[in-house]
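Engineer:
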Amino acid sequence: MKHIKYLIIMLTACSISSCSDEFLNPLPDSVIVEDTFFKTDADVLTGIIGIYDALQGVNSNTESNITRSNRGVQFEHLLTEHRSDNTRNQTLEGSKADFHRYLVNPDNVESEDYYQSMYSVIFRANNILDFIEVANEENQAKYAGEAKFLRAYAYFNLVRLFGDIPLVTTVINPGDDESLYTRVAVVQIYEQIVGDLQEAVNTLDNAYKSRASKAAAQGLLAKVYLTQPTRNYTGAAQLCQDIISSAAFDLENNFRDVFYSELNDEIIFAIQYQTGNALESQSFSAEFTSTIRQGSDDGQNIVNDNLIADFNIYGGNRTSESYYEFPTRSEVIKFLPDGSNFSVTPPTYGDNARNAGNDYIALRYADVLLMHAEAILAGGTETTNSAAIDSYMKVRVRAGFDALADRPSILTRDLLLVERRVELAFENQRFYDLLRFGVADAILSAHAADLGYLDYNTRKLLLPIPAREINLSPLVNGQRLLTQNPGY
Amino acid sequence: MKRSILKQNLLKFIFIGLAFGTFVSCSEYFEFELPEANSKVDTVLPSAAFSYIPDADDYRKIKFSDLSTESTKYLWDFGGGATSTDRDPIFTFVNGEGTYPVSLTVSDDNNVSDTVIIEVVVEDLFVPITPVIINGDMENSSNDWRIDFSNGWDRNGFESSSDGSWLKYDGTDNGSKTRGAKWNRNRSAAEWANPNTRHAYQSIVVSPNWEYTLEFEYAIKDDIATDPIGGRRIVAEILDGHFTDGADAYAQSAVGGALVTYLGTEVKGQTTFTKVEVKFTSNASGEVAIWLWAVTPVDCYIDNVKVYPEL
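Residue numbers (UniProt numbering), protein chains in the order written: chain A, 1 to 488; chain B, 1 to 311.
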């Protein structure tokens with residue numbers, strides 16, 4: 001009993017010194033966790049740059065195991081160009097060959113990878129938005145705008161490819177399955193996209209082309225306005241007009257320079273890659289080859305005959321810079337790896353074809369000019385508006401057509417659509433153009449019938465929600481919370 | 001000896017076995033393997049949904065797409081007794097524009113069904129062109145209104161004047177005169193045609209075979225002068241086609257080949273304008289031209305020229 005007073009003192013001491021949160025949840029010293037990482041403005045900027053890393057993806061030649069890394073936009077042509085009438089896979093083997101025949105399954109690995117890549121962009125953006133106040137005050141609005149631009153960019157891709165999708169705009173805690181797996185109507189997804197992009201327009205400047213900028217946000221928002229269920233044509237026209245009036249961008253005189261002089265005057269937003277650097281390079285340049293195969297597959301984005309027919313009429317000097325006719329097939333040449341030489345026969349592709357540095361062009365000035373005409377057309381079938389025809393003709397004249405002799409007195413929807421097709425071929429625009437112009441089903445059902453792709457039907461305009469996501473979602477009344485699209 | 005007994009017994013056993021086998025029917029033994037036993041009730045039931053898209057060439061022809069889940073059989077009812085069991089049928093609503101309730105009943109292989117009815121809106125979304133008239137307010141020179149004549153006549157469209165309408169192009173009051181297009185004795189055409197004659201010409205593109213209105217304002221001075229037979233007048237026409245030679249345009253007008261011809265003969269004096277709306281039906285090509293001229297001993301004016309479709 002002599003010791004009882006010591007015990008009382010000890011107990012009292014314990015009860016007086018209250019345990020802080022950190023006492024029970026100590027921050028580890030030996031590893032970095034996000035709560036300890038973001039301490040300075042530079043750290044937040046690193047977090048912002050990390051979002052771009054998710055878009056850039058990991059080259060499949062660097063890490064061939066698809067379960068260990070995402071490909072970012074490096075597979076995007078499969079989900080977009082291959083599902084349009086522009087291009088196809090060279091062979092019929094493997095899941096990459098399913099896209100052009102409208103055979104994509106819910107367990108397709110490339111489709112699933114793209115879904116994961118875009119959500120990775122979204123989660124990284126959501127995460128950094130929690131730490132914005134760590135940054136210097138003058139940078140906070142800009143950083144938030146940049147993260148929201150990228151979040152909108154990812155959602156815009158997802159909503160057009162998959163339809164209703166889970167809408168996640170905050171960091172998700174373990175066990176919060178509801179927001180991760182509840183599909184939200186397309187209309188609400190677009191509301192989120194528009195809000196994010198409007199903030200980006202108001203907070204960003206035009207300092208960068210390989211990062212978000214005011215013009216990139218304006219251009220993307222214009223495209224969103226032209227795509228969302230209730231169109232906003234006047235808003236889109238105004239945004240395009242703002243980009244045109246800013247005089248910050250111009251068409252390259254030579255079409256080839258758009259692709260081989262990186263971040264040129266025409267580029268508004270590009271995702272950069274570095275030649276020869278295994279961690280910063282891309283695989284798609286190599287995969288677009290087939291006859292003299294540089295990639296690890298048999299050849300992707302092989303050009304369809306009916307695109308060549310349109311090039312012959314509307315291509316002008318773009319034709320010889322867009323694809324090359326090998327004896328048995330035509331292949332894309334807009335993204336040839338460094339050191340390629342097509343003046344010799346057979347052509348060569350340099351030493352680094354599989355670690356190519358060609359940028360992925362997300363938005364360029366010619367696209368904005370054509371959107372300007374599209375916005376003025378405002379869903380009509382034709383227009384005689386001279387501002388619309390002026391913008392359309394700027395793109396045509398650069399392609400070698402005559403400003404007067406080739407100027408139409410009346411610009412039709414069909415002319416504009418085919419102009420976008422040949423100007424932006426292999427830049428992953430065609431599928432979205434068809435959807436936006438409301439002709440996807442008409443054109444793709446005819447295309448599928450022509451080429452014998454019997455599995456096409458209207459339901460194939462949406463990709464399946466990846467089966468893996470559905471299987472991870474909780475069971476509610478015996479059914480998975482995350483539902484599948486019709487027809488899959 | 002033992003061996004032969006075993007043989008006899010073995011045969012016995014075989015016969016008994018065979019006989020026994022014939023008495024027992026299989027169904028009793030395998031009853032427990034019937035599919036219903038231990039199978040789960042299907043709780044994931046069909047849910048009907050569909051979308052529809054009009055054909056690009058015929059708005060009445062609708063392509064339906066099934067968007068149902070958990071279903072294998074389809075029954076479409078388009079009304080009026082028309083049905084289909086295709087998954088994605090195409091149906092033409094021969095009565096044209098209107099709202100038609102279409103029902104889709106889907107069922108699974110247990111014949112559990114679900115029905116959805118959607119009001120299908122069939123509408124003609126054609127929108128006629130509203131042409132933009134360049135310098136329709138006549139504020140600028142006649143450069144946008146001229147055409148070359150192979151017979152040597154003046155290529156300019158009119159004389160630019162400060163005595164135009166008080167109304168702006170959008171119809172609001174300017175508070176003072178705007179600029180306008182002017183003709184006089186020297187610029188007169190038809191029976192008073194001469195090398196200085198002026199015709200205002202502008203080619204426009206409109207939707208083919210569609211009702212349009214040509215609208216403009218004109219004023220004729222009321223000074224006393226020797227008038228042509230039939231009186232002083234301005235003439236506004238819509239020509240059939242586009243022209244590169246004014247002489248050809250003049251020839252069509254002279255033989256009455258224009259799509260519409262309007263004679264303006266209200267003489268109210270300078271800057272007192274009369275607004276005119278002339279209806280015409282466009283031709284099959286949609287390529288037409290505005291053709292303005294005058295026969296007048298005194299100054300006359302045209303302003304605010306517009307062409308717009310019937311909506």
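Beta carbons: idealized from backbone N, C-alpha and C, even for Gly.
(1) Excluding the 5 residues preceding and the 5 following A:Arg83 in the sequence, name in chain order all residues of the same chain whose CB lies nearer than 6 Å to its CB.
(2) Compare the C-beta of A:Ile243 with all C-beta atoms of chain B and state if any pair is closer than 8 Å.
(3) Could you tell me if B:Leu292 is buried or exposed, where buried requires 16 or more neighbouring beta carbons within 10 angstroms of its beta carbon?
(4) Between the Cα of B:Gly98 and the Cα atoms of B:Ile62, B:Thr172 and B:Ser68, which residue gives the shortest distance?
(5) On the CB-based measure, 16 or more other CB atoms within 10 Å of its CB, does residue 361 of chain B come out buried or exposed?
(6) CA-CA distance, A:Asn89 and A:Gln300?
(7) Looking at the unbroken alpha helix (DSSP H) that takes in B:Val121, where does it start and where does it end?
(8) With DSSP as the reference, label A:Gln241 as helix, strand or coil.
(9) Please name the residue in A:Ser290, A:Phe38, A:Asn358 and A:Leu363 whose C-alpha comes closest to that of A:Phe326.
(10) Beta-carbon of B:Thr43 versus every beta-carbon of chain A: anything under 8 Å?
(11) Can you give me the C-alpha to C-alpha distance between A:Pro166 and A:Val439, rounded to a whole angstrom?
(12) By the criterion of Cβ-Cβ separation under 8 Å, what are the contact partners of B:Ser68 in chain A?
(13) Return the CA-CA distance between B:Ser103 and B:Glu119, expressed in angstroms with no decimal places.
(14) Under three-state DSSP, which class holds A:Thr234?
(15) Note down the Cα distance separating A:Ala216 from A:Leu363, rounded to an integer number of angstroms.
(16) Any contact between the segment 155–174 of chain A and the segment 231–239 of chain A? By contact I mean 3 or more CB pairs, one from each, below 8 Å.
(17) Sort out for me which residues DSSP pairs B:Phe91 with in a bridge.
(18) Thinking just about the alpha-carbon of each residue, which of A:Pro347, A:Gly316 and A:Pro337 is nearest to the one in A:Tyr324?
(19) Quick test of your reading: B:Ser71 and B:Pro46, contact by CB under 8 Å. State the CB separation rounded to the nearest angstrom.
(20) Can you confirm whether A:Arg459, when its beta carbon is compared against all beta carbons of chain B, has any partner nearer than 8 Å?
(21) Determine which residues of the segment 112–142 of chain B have a Cβ less than 9 Å from any Cβ of chain A, and write them out in chain order.
(22) Would you call A:Leu482 buried or exposed, if buried means 16 or more other Cβ atoms sit within 10 Å of its Cβ?
(23) Near A:Tyr102, which residues of its chain fall below 6 Å by C-beta distance, leaving aside the five closest residues on each side in sequence?
(24) By alpha-carbon positions, which one of B:Ile129, B:Leu67, B:Val127 and B:Gly96 ends up nearest to B:Thr105?
(25) Do three or more CB pairs link the segment 139–147 of chain B to the segment 393–401 of chain A at distances below 8 Å?
(26) Pull up the DSSP beta-bridge partners for B:Ala200, would you.
(27) Count the other C-beta atoms from every protein chain shown that fall within 10 angstroms of the C-beta of B:Met1, then say buried if there are 16 or more, exposed otherwise.
(28) For B:Glu211, which of helix, strand or coil comes out of DSSP?
(29) For a contact meaning CB atoms closer than 7 Å, what does A:Gly478 contact in chain B?
(30) Between A:Ile361, A:Thr227 and A:Tyr208, which lies nearest to A:Asn161 when the distance is taken from Cα to Cα?
(31) Report the residue from A:Glu419, A:Ile128, A:Gly72 and A:Thr458 whose alpha carbon sits nearest the alpha carbon of A:Ala42.
(32) Nearest to A:Asp85 by CA position, among A:Asn312, A:Asn61 and A:Leu444, is which residue?
(33) Within its chain, find whatever has a CB closer than 7 Å to the CB of A:Val422; leave out the 5 residues flanking it on each side and keep chain order.
(34) Listed from N- to C-terminal order along the chain, which residues in the segment 46–72 of chain B have their beta-carbon within a distance smaller than 8 Å of any beta-carbon of chain A?
(35) What ranges does the alpha helix (DSSP H) occupy inside the UniProt domain "RagB/SusD" (347–488) of chain A, keeping only unbroken runs of at least 4 residues that lie completely in it?
(36) Quick one: is B:Val205 buried, meaning 16 or more other Cβ sit within 10 Å of its Cβ, or exposed?
Structural biologist: In terms of the structure at hand:
(1) Phe99 and Phe431
(2) no
(3) buried
(4) B:Ile62
(5) Since the displayed chain B opens at 1 and closes at 311, residue 361 of chain B lies outside it and no answer follows.
(6) 5 Å
(7) B:Val121 -> not in any alpha helix (DSSP H); beta strand (DSSP E) instead, spanning Ser113 to Val122.
(8) helix
(9) A:Ser290
(10) yes
(11) 27 Å
(12) Pro486
(13) 9 Å
(14) helix
(15) 7 Å
(16) no
(17) B:Ile62
(18) A:Pro347
(19) 4 Å
(20) yes
(21) Leu125, Phe126, Val127, Ile129, Thr130, Pro131, Val132 and Ile134
(22) buried
(23) Tyr453, Asp455, Tyr456 and Lys460
(24) B:Leu67
(25) no
(26) B:Leu292
(27) Annotation note: pLDDT 49 at B:Met1 (below 50); position unreliable, no value reported.
(28) strand
(29) Thr43
(30) In the sequence as displayed, the identity of residue 161 of chain A is Leu instead of Asn. Among A:Ile361, A:Thr227 and A:Tyr208, the Cα nearest to that of A:Leu161 belongs to A:Thr227.
(31) A:Ile128
(32) A:Leu444
(33) Asp310, Phe311, Tyr314, Gly315 and Arg318
(34) Ala49, Ser51, Ile53, Asp55, Ala56, Lys63, Ser65, Asp66, Leu67, Ser68 and Thr69
(35) 365–377, 386–398, 413–423, 430–436, 440–451 and 467–472
(36) buried
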